[in-house]
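Novice: Note that the protein sequences, when read in sequence, are chains A and B. Positions 0 to 690 (numbering that gives the first Met the number 0) are the ones given, in order, by the first sequence. Positions 0 to 389 (numbering that gives the first Met the number 0) are the ones given, in order, by the second sequence. This structure is in structure tokens; I'll ask about it shortly.
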Amino acid sequence: MKNKKRKKRPQLPFRLNIIFFIVFLLFCGLILQLGVVQILHGEGFQEEIDRTIKDTTKIPVPRGLIVDRNQNVIVDNKPLYSITYTPAKGTQAEDKLKVAEKLAEYISMDSKERIDGLTERNKKEYWYLKNKKEADKRLSEEEANEMSNAEQYDTILDRITEKEISDFTKQELEVMVIKKELDKAYSLTPQIIKNEDVTPKEYARVAEHLDQLPGVNATTDWNRSYPFKDSFKSLLGSITSQEEGLPAEKIDYFLTRGYSRNDRVGKSGLEEQYEEVLRGRKEQVQYTTTKSGQVIDSEVIVEGQRGKDLVLTIDMELQKRVDKIVKKELKTAIQKHPHANRFLNDAFAVVINPQTGELLAVSGQHYDREEGKFENAAYKALYEAHRPGSSIKGATIAAGYQSDVISPGQTFYDAPIKIAGTPEKSSVSNLGSINDINALKRSSNVYMFYIAMRMGGEYDYQRGKSIQFNPESVQEIRNYFHQFGLGVSTGVDFPYEATGYVGQTPPNLLDFSIGQYDTYTTMQLAQYISTIASDGYRVRPHFVKEIRDPDSEGEGTGPIQKSINTKVLNKIGIKDENLNRIQEGFRKAFQETGGTASSYFSGKDYDPAGKTGTAQHEVYEDGKKLAETENLTLVGYAPFDEPEVAFAVVVPNTGNVSGQHPINNLIGEKILDEYFDLKEERDKKSKKENN
Amino acid sequence: MSKRQSYYIQHDFIFLLFLCICISLVAIYNAQHLEQYAGNNFVLKQLAWFTVGALFVATIQFLDLDQLYKMSVYAYAFGVLILIILFLSPESIARTINGAKSWFTSIPGLSLQPAEFTKITTILYLAAVISKHKEKYRKSTLKSDVMLLAKLAAVTALPVFFVFQQPDFGTSVVFLFIAGMLVILSGIDWKIIVTLILGMLLIAAASIALIVKFPDAATAIGIKPYQADRVLTWFDPNSQSGNDRFHIERSMSAIGSGQLTGKGMSSLQVQLPEAHTDFIFSVIGESFGFIGSAAVIFVYFLLLYKLVTLGLKIYQYNDFGAYLCFGFMSLLLIHAFQNIGMTIGIMPITGIPLLLISYGGSSILSTMLGFGLVYRVAVEYTIQNDYLFK
């Protein structure tokens with residue numbers, strides 16, 4: 000061993016001391032800075048870490064049910080098992096891939112259309128995640144330095160070849176399908192991954208393995224189901240799908256009311272009208288996350304409650320029967336005179352409780368000539384307006400009384416009216432001297448013309464003479480009609496109703512007085528007849544009877560939350576005894592020999608009253624008149640003394656043919672028959688049950 | 000235990016190494032509670048590295064300082080050779096990670112960083128070169144000093160060249176720092192050193208000015224954009240790359256929130272990337288607070304102190320051993336100061352681990368090699384001392 004003993008050179012310890020002193024200072028510097036970071040600013044850092052972010056997630060609840068007045072469920076919720084995904088904040092693509100791979104073991108998403116829906120990019124993204132190391136190499140460092148992260152990613156994807164993404168197994172494709180769905184989710188917002196065909200087995204397997212599937216949940220979503228099929232369905236309306244979300248035209252309205260963009264809302268009919276009631280209250284869960292995105296707490300801040308239930312005034316049994324009647328008579332009419340009735344496509348009926356405005360049945364049948372099929376189109380009873388013809392003569396008489404141009408018992412001589420420069424106008428036959436009651440019973444046009452002329456200021460009609468009407472008289476008579484709901488909104492609880500077409504030029508007072516001028520909806524006619532039946536009180540027709548809280552037990556409806564009461568909109572300004580004369584005229588029209596509808600209604604033990612109507616109409620196409628048609632209408636109610644049911648029937652565009660199928664009268668007759676039959680059946684049944 | 004055997008038990012070094020191993024394992028264990036490490040057991044792996052490293056230490060004890068001295072040139076050649084092999088290796092066995100080709104990656108799960116070993120072999124050879132020079136020129140002159148300086152510069156330049164090619168700026172700086180320390184301690188005349196330092200400062204200032212003022216020109220003369228960025232961010236923290244700023248923010252947040260006493264075991268709150276390797280000190284700071292992290296710094300300081308005093312003592316008998324100690328001390332010092340400084344925001348971010356504590360096979364094995372060398376020096380000193388005063 001070498002032993003190099005030599006003189007110590009003085010500079011080493013000196014330099015070493017200096018260096019070691021510097022080392023000491025450096026370490027002191029470290030400790031000092033540690034003190035600054037940990038002791039001086041430590042609390043600040045801790046506060047920063049503890050600062051949490053609270054996010055609220057809303058979890059949808061099922062919509063309320065819709066039941067009829069007898070608690071038959073019309074709109075139900077069909078539960079759909081669904082697998083949802085709620086990503087935490089900052090969830091990375093790799094995490095989602097892991098979830099997708101795991102999920103693929105439990106659910107099946109490999110249907111052909113789903114796999115065909117995969118884009119090239121989906122596949123490349125998958126390949127990238129699976130071969131990240133290899134893929135990253137395809138971008139040189141120089142290139143990477145010049146690109147943003149997004150550009151780098153896109154470039155790498157571009158460099159993945161067709162061949163590499165052409166050879167995936169079915170399992171891999173399935174993972175891609177699932178991953179694609181996962182990618183749609185926003186952080187902290189549940190996104191449905193699969194809901195249409197989740198089998199109970201899949202649901203159970205996912206539910207069992209939730210701990211391995213971060214963010215995934217097995218929940219139930221709801222679809223609307225309709226036990227009565229499409230009967231009345233067009234009035235119930237529909238709700239948007241999750242893909243549609245909030246309707247674009249009302250998006251601000253909904254967003255300001257706390258909806259999420261992918262919420263399903265009523266987009267038409269009663270679903271739209273009562274959206275606020277049916278929607279329920281979403282469960283609100285507040286997640287507390289740290290700055291780094293960990294969920295450290297979740298708390299239910301608003302308990303969810305499913306939507307409230309609607310109890311309709313509709314009697315679905317009656318509705319079904321009315322649908323059947325309307326369809327059958329429409330079909331018969333079309334089959335009986337196929338040519339004459341070639342423009343006959345629709346028939347409508349509204350059945351209403353005249354005292355309360357409760358709508359019992361609203362039916363519309365439409366014949367689709369291209370398809371050769373009949374379909375339910377009840378909404379047209381509110382959407383379509385037609386000339387009613389003589390049905391509205393009760394309103395004309397009332398206008399006469401109200402404006403004092405006639406007095407009770409007033410007679411006119413029914414003979415053709417000829418005014419210079421206009422075609423001769425008459426009743427169906429010349430009725431001779433006739434009073435107000437019989438004018439309704441036998442539907443005298445001439446009687447109405449006299450009222451109209453007098454309201455126009457002409458008390459001295461002479462055949463062939465020209466007449467100068469007061470131009471304001473048409474509006475005056477319209478105003479009287481408005482009191483019956485003719486030409487104005489009925490106030491029905493529905494998102495839309497037509498109010499009818501207001502005839503423009505030239506205003507024809509005489510035609511107006513017999514319902515040959517303005518057009519009215521079937522709903523308006525129902526309100527009109529109800530007003531007469533209920534001694535002059537115009538009530539608001541309504542579909543909804545009660546709003547009920549959901550039953551806490553789950554099924555069925557719970558306690559009443561709100562009752563929709565009868566709402567009187569106005570009372571007709573004529574004396575009761577005058578109104579009684581109109582009612583009497585209606586009774587005779589239905590029951591006395593010579594009454595226009597007596598052959599259908601005389602002898603009925605439910606004591607009906609009403610008025611027939613036939614309006615001349617034309618069918619035009621491209622400005623060319625194709626045919627002259629007739630609108631057949633009928634309004635009525637029963638029993639005469641204590642009316643409990645009223646109806647209006649409108650059948651537009653029947654052929655102008657002798658021996659026409661009396662479709663309006665038959666529908667009206669059968670509606671009343673069915674109504675009272677059903678009532679009797681139910682009475683018997685309840686008596687039986689009581690005994 | 001025989002006297003002969005007892006030479007080999009250096010209580011102070013064993014105790015300090017044992018402390019470092021404990022700190023390392025506890026810190027890695029704590030870091031593993033962060034989500035990103037689910038399913039990994041780095042504690043066990045690290046323990047394995049330490050065990051292999053301990054075998055290295057033991058093996059080295061079979062060689063005396065003369066033998067080490069003789070084989071230093073071969074070790075150095077080996078150290079440079081592996082850098083050259085790495086430099087020539089295709090991507091398949093030396094993949095580019097974080098923009099640098101610094102690792103052999105052919106064996107999955109085991110990547111080797113040759114530069115870590117080259118540091119030790121270079122220290123070994125530098126010590127030998129100084130020692131040899133001093134023997135040759137008993138009386139140092141200005142001329143001999145310049146010659147020594149030229150030798151040291153050449154020995155250092157070779158590995159630095161290849162490390163810089165990877166490119167690994169941080170490790171290059173480590174090499175230069177160690178060489179610089181040895182130059183100062185080798186007894187080269189102050190005048191030369193001062194001239195050298197002033198000249199280097201001038202060049203450094205000029206290149207930094209160039210980078211800061213004319214970044215485009217800097218890249219034109221061969222400075223990589225990311226290197227320019229590093230320098231730039233040092234001067235303007237606001238312009239740091241998102242990734243670096245993120246690292247610093249997280250690290251400061253972790254350490255700072257540890258406050259005086261720390262959060263204790265298994266209760267980390269800050270998600271920190273590279274927590275088990277380069278940012279292990281942040282984990283210590285968060286877990287054990289100011290007291291714990293200051294204690295770790297103190298352990299390091301003690302180790303450095305032991306090395307300095309050992310070097311000073313052995314210098315009389317064996318200057319090769321002394322320079323080995325100083326070289327290894329410089330290595331520990333620059334790593335510790337740079338790494339800890341980076342975690343508390345007073346040094347820029349580089350990929351330099353905290354030796355003996357950060358997780359990593361290459362760094363643990365190479366550091367244990369270096370430790371084995373200085374341990375041998377300590378053994379040698381004990382033997383010499385014993386022999387002299389018998």
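Every residue, glycine too, gets a C-beta built ideally from N, C-alpha and C.
Using DSSP bridges, identify the partner residues of residue 82 of chain A.
Specialist: Residue 82 of chain A pairs with A/193 and A/217.
Novice: Quick one: is residue 250 of chain A buried, meaning 16 or more other Cβ sit within 10 Å of its Cβ, or exposed?
Specialist: With fewer than 16 Cβ atoms within 10 Å of its Cβ, residue 250 of chain A is classed as exposed.
Novice: Grouping DSSP H, G and I as helix and E and B as strand, with all else coil, what is residue 356 of chain B?
Specialist: Here residue 356 of chain B sits in coil by DSSP.
Novice: May I have a chain-ordered list of the alpha helix (DSSP H) segments no shorter than 4 residues that lie completely inside the segment 237-311 of chain B?
Specialist: As far as the segment 237-311 of chain B is concerned, its whole alpha helix (DSSP H) runs of at least 4 residues are 241-257.
Novice: Got a sec, what are the start and stop residues for the beta strand (DSSP E) residue 413 of chain A sits in?
Specialist: It spans 410-413 - the beta strand (DSSP E) in which residue 413 of chain A sits, taken as one unbroken run.
Novice: Which residue wins for smallest C-alpha separation from residue 347 of chain B, given the options B/68, B/155, B/248 and B/158?
Specialist: Among B/68, B/155, B/248 and B/158, the Cα nearest to that of residue 347 of chain B belongs to B/248.
Novice: Examine the Cβ distances between the segment 503-522 of chain A and the segment 334-345 of chain A and report whether three or more of them are shorter than 8 Å.
Specialist: No: fewer than three Cβ pairs fall under 8 Å.
Novice: With DSSP as the reference, label residue 40 of chain A as helix, strand or coil.
Specialist: In the structure shown, residue 40 of chain A sits in coil (DSSP, three-state: anything other than H, G, I, E or B).
Novice: Run the CB neighbour count on residue 185 of chain A, radius 10 Å, all protein chains shown included, and call it buried at 16 or more, exposed below.
Specialist: With fewer than 16 Cβ atoms within 10 Å of its Cβ, residue 185 of chain A is classed as exposed.
Novice: For a contact defined as C-beta to C-beta under 7 Å, what are the partners of residue 14 of chain A on chain B?
Specialist: Per Cβ cutoff of 7 Å: 183 and 184.
Novice: Residue 309 of chain A lies in the beta strand (DSSP E); which residues open and close that run?
Specialist: Note, residue 309 of chain A: beta strand (DSSP E), 308-311.
Novice: Give the DSSP-derived three-state secondary structure of residue 616 of chain A in the structure shown.
Specialist: In this structure, residue 616 of chain A counts as strand in the three-state DSSP scheme.
Novice: Of all the options B/312, B/190 and B/161, which has the alpha carbon lying nearest to the alpha carbon of residue 88 of chain B?
Specialist: Out of B/312, B/190 and B/161, B/161 has the C-alpha closest to the C-alpha of residue 88 of chain B.
Novice: Any beta carbon from chain B within less than 7 Å of residue 19 of chain A's own beta carbon?
Specialist: Interface residue, yes.
Novice: In whole angstroms, give me the CA-to-CA distance for residue 4 of chain A and residue 55 of chain B.
Specialist: Residue placement at residue 4 of chain A is flagged as unreliable, the pLDDT there being 45, under the threshold of 50; a coordinate-derived value is accordingly withheld.
Novice: Would residue 196 of chain B be called buried (16 or more neighbouring beta carbons within 10 Å of its own) or exposed?
Specialist: With fewer than 16 other Cβ atoms within 10 Å, it is exposed.
Novice: So, does the CB of residue 150 of chain A fall closer than 7 Å to a CB anywhere in chain B?
Specialist: For residue 150 of chain A, the answer is no, since every Cβ of chain B falls outside 7 Å of its Cβ.
Novice: State yes or no: is the C-beta of residue 378 of chain B within less than 7 Å of the C-beta of residue 68 of chain B?
Specialist: No; because the gap between Cβ atoms is not below 7 Å, this pair is not in contact.
Novice: What separation, rounded to the nearest whole angstrom, lies between the Cα atoms of residue 1 of chain A and residue 331 of chain B?
Specialist: Confidence at residue 1 of chain A is low in this model, with a pLDDT of 44, below 50, so its placement is unreliable and no value can be given for it.
Novice: According to the Cβ coordinates, are residue 172 of chain A and residue 114 of chain A closer than 7 Å?
Specialist: Yes.
Novice: Please list the residues of the segment 245-262 of chain B that have a C-beta atom closer than 7 Å to any C-beta atom in chain A, keeping them in chain order.
Specialist: For the segment 245-262 of chain B, which is checked against every Cβ of chain A, the residues closer than 7 Å are 251, 252, 254, 255, 256, 257, 258 and 259.
Novice: My output table needs one value for residue 285 of chain A: the three-state DSSP class, helix, strand or coil.
Specialist: Residue 285 of chain A: strand per DSSP, three-state reduction.
Novice: From residue 588 of chain A to residue 396 of chain A, what does the alpha carbon distance come to, in whole angstroms?
Specialist: Distance between the alpha carbons of residue 588 of chain A and residue 396 of chain A: 15 Å.
Novice: So what does residue 76 of chain A bridge to, in DSSP terms?
Specialist: BP columns for residue 76 of chain A point to A/223.
Novice: What residues of chain B sit near residue 249 of chain A, judged by a beta carbon separation below 8 Å?
Specialist: Near residue 249 of chain A there are no residues of chain B at all, since even the closest Cβ is about 41 Å away, more than 8 Å.
Novice: In chain B, which residues lie with their C-beta within 9 Å of the C-beta of residue 215 of chain A?
Specialist: Those within 9 Å of residue 215 of chain A in chain B number zero; the least Cβ separation is about 18 Å.
Novice: With a CB to CB cut of under 8 Å and the five nearest residues on each side skipped, what residues in its chain are close to residue 91 of chain B?
Specialist: Result list for residue 91 of chain B: 105, in chain order.
Novice: Rank B/363, B/263 and B/125 by C-alpha distance to the C-alpha of residue 174 of chain B and give the top, closest one.
Specialist: Of the candidates B/363, B/263 and B/125, the one whose C-alpha sits nearest the C-alpha of residue 174 of chain B is B/125.
Novice: Would a check of beta-carbon distances place residue 0 of chain B closer than 7 Å to chain A?
Specialist: Confidence in residue 0 of chain B is poor, its pLDDT being 48 and thus under 50, which makes the residue's placement too unreliable to answer from.
Novice: Drop a sphere of 10 angstroms on the beta-carbon of residue 260 of chain A, count the other beta-carbons inside from all chains shown, and report buried for 16 or more, exposed for fewer.
Specialist: Exposed, since its Cβ has fewer than 16 Cβ neighbours within 10 Å.
Novice: Any C-beta of chain A sitting closer than 7 Å to the C-beta of residue 173 of chain B?
Specialist: Not one chain A Cβ lies under 7 Å of residue 173 of chain B.
Novice: Just to confirm the assignment, what range does the beta strand (DSSP E) spanning residue 111 of chain A have?
Specialist: Residue 111 of chain A -> not in any beta strand (DSSP E); alpha helix (DSSP H) instead, spanning 111-115.
Novice: Could you pull the start and end residues of the alpha helix (DSSP H) that residue 565 of chain A belongs to?
Specialist: Premise fails: residue 565 of chain A is in no alpha helix (DSSP H) and is neither H nor E.
Novice: So what does residue 461 of chain B bridge to, in DSSP terms?
Specialist: Shown here, chain B extends from 0 to 389; a query on residue 461 of chain B therefore has no answer.
Novice: Taking contact to mean at least 3 C-beta pairs separated by less than 8 Å, is the segment 459-468 of chain A in contact with the segment 425-432 of chain A?
Specialist: Contact fails: fewer than three Cβ-Cβ distances are below 8 Å.
Novice: Output needed for residue 16 of chain B: all residues of its chain with C-beta closer than 7 Å, excluding positions within five of it in sequence on either side, in chain order.
Specialist: Only 370 meet the Cβ criterion.
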